[in-house]
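Below is one structure, written out as structure tokens; comments come after it.
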Amino acid sequence: SQQGEEDPQALSIQEGENATMNCSYKTSINNLQWYRQNSGRGLVHLILIRSNEREKHSGRLRVTLDTSKKSSSLLITASRAADTASYFCATVGMIYNQGGKLIFGQGTELSVKP
Amino acid sequence: DVKVTQSSRYLVKRTGEKVFLECVQDMDHENMFWYRQDPGLGLRLIYFSYDVKMKEKGDIPEGYSVSREKKERFSLILESASTNQTSMYLCASSLSPRQTKAFFGQGTRLTVV
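Rendered as structure tokens:
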């Protein structure tokens with residue numbers, strides 16, 4: 008079963024607005040990652056947040072993690088048309104013998120209109 | 009930067025054929041993964057490998073097998089292709105268990121007719 012559930016499934020905003028995507032997961036994690044996928048292509052890693060971190064920034068990206076609620080959010084500030092893509096959260100579990108098993112959510116399709 | 013290369017971008021195979029999807033990474037990564045991606049279902053893990061000749065089932069291993077004889081190469085095998093295996097297949101690798109980001113190949117769009 009998939010670990011992450013993402014919300015919303017689709018998001019449409021105007022250029023310059025902020026976009027917020029949420030991810031919930033079921034079991035304890037070692038870290039949570041966000042990825043971006045342009046249409047029909049492979050995924051590109053955006054940011055990783057560890058279970059002992061609460062917030063992380065990278066450029067216009069801000070990720071928060073609430074382990075008590077088993078949830079994370081990705082905020083893209085001042086969005087651009089080029090941010091149009093699908094965004095996925097992925098978790099790595101605590102169980103050592105699963106190595107770096109990386110489990111993805113269903114993704115959020117973001118459309119940024121010029 | 010790390011390069012993950014999948015052998016084919018598009019593939020068309022017949023029902024019942026044995027299909028091999030190849031993936032090669034060039035950065036000595038420990039972990040390698042095979043996912044399939046279908047609309048509305050996100051990425052689902054088929055198999056992953058954390059070392060040479062070591063593999064673990066993901067969420068949807070039925071109808072698939074894998075091979076990792078060398079560290080840089082991870083093959084996905086469809087033993088007898090069926091139409092419900094028509095999908096986008098994505099390979100990924102990551103440096104070490106649990107700690108690091110994954111790098112993805114460009115994907116193979118497989119159509120089984």
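Protein chains in written order, with the working numbering: chain E, 8 to 121; chain P, 9 to 121. For each residue, glycine too, the CB sits at the ideal point set by N, CA and C.
Problem - Stretch-stretch touch, CB-based, cutoff 8 angstroms, three pairs: the segment 28-44 of chain P with the segment 54-70 of chain P - result: The segment 54-70 of chain P and the segment 28-44 of chain P touch, with three or more beta-carbon pairs separated by less than 8 angstroms.
Practice task
Count the CB pairs spanning the segment 53-65 of chain E and the segment 13-22 of chain E that are closer than 8 angstroms, and state whether there are at least three.
Solution key: Cβ pair count under 8 angstroms is below three, so no.
Handout entry: Rounded straight-line distance, which links the Cα of Tyr-94 (chain E) to that of Arg-117 (chain P)
Key = For the pair Arg-117 (chain P) and Tyr-94 (chain E), the Cα-to-Cα distance works out to about 20 angstroms.
Practice task
Taking only the alpha-carbon atoms, compute the straight-line gap between Ile-56 (chain E) and Val-70 (chain E) and give it to the nearest angstrom.
Solution key: Their Cα atoms are separated by approximately 8 angstroms.
Problem - Exposure of Phe-112 (chain P), with buried meaning 16 or more beta-carbon neighbours within 10 Å - result: With 16 or more Cβ atoms within 10 Å of its Cβ, Phe-112 (chain P) is classed as buried.
Handout entry: chain E contact for Gln-33 (chain P) (CB, 8 angstroms cutoff)
Key = It does not; no Cβ of chain E falls within 8 angstroms.
Exercise for the section: Could you please give me the residues that DSSP links to Asn-39 (chain P) through a beta bridge? Expected result: In the DSSP secondary-structure assignment, Asn-39 (chain P) is bridged to P:Ser-102.
Exercise for the section: Would you decide whether Val-119 (chain E) is buried or exposed? Buried here means 16 or more other CB atoms lie within 10 Å of its CB. Expected result: Val-119 (chain E) should be labelled buried.
Practice task
Mind listing the chain E neighbours of Gly-71 (chain P)? Cutoff is C-beta to C-beta under 8 angstroms, in chain order.
Solution key: Correct list: empty, because the minimum Cβ distance to chain E is about 18 angstroms.
Handout entry: Within 9 angstroms of chain E by C-beta, residues of the segment 89-114 of chain P in sequence order
Key = For the segment 89-114 of chain P, which is checked against every Cβ of chain E, the residues closer than 9 angstroms are Met-96, Leu-98, Cys-99, Ala-100, Ser-102, Leu-103, Ser-104, Pro-105, Arg-106, Gln-107, Thr-108, Lys-109, Ala-110, Phe-111, Phe-112, Gly-113, Gln-114.
Handout entry: Neighbour list for Gly-66 (chain E) in chain P, Cβ cutoff strictly below 7 angstroms
Key = Contact of Gly-66 (chain E) with chain P by beta-carbon distance below 7 angstroms is absent, the smallest such distance being about 16 angstroms.
Practice task
Inspect the beta-carbon positions of Leu-84 (chain P) and Leu-49 (chain P) and report whether they are closer than 8 angstroms.
Solution key: For the 8 angstroms CB-CB criterion, Leu-84 (chain P) and Leu-49 (chain P) do not form a contact.
Handout entry: Phe-79 (chain E), buried or exposed, once every other Cβ within 10 Å from all chains shown has been counted against 16
Key = For clarity, residue 79 (chain E) is Ser in the given sequence; the question names Phe instead. It counts as buried.
Practice task
Could you run through the segment 18-48 of chain E and flag, in chain order, every residue whose CB is less than 9 angstroms away from some CB of chain P?
Solution key: The segment 18-48 of chain E vs chain P, Cβ under 9 angstroms: Asn-37, Asn-38, Gln-40, Tyr-42, Gln-44, Gly-47, Arg-48.
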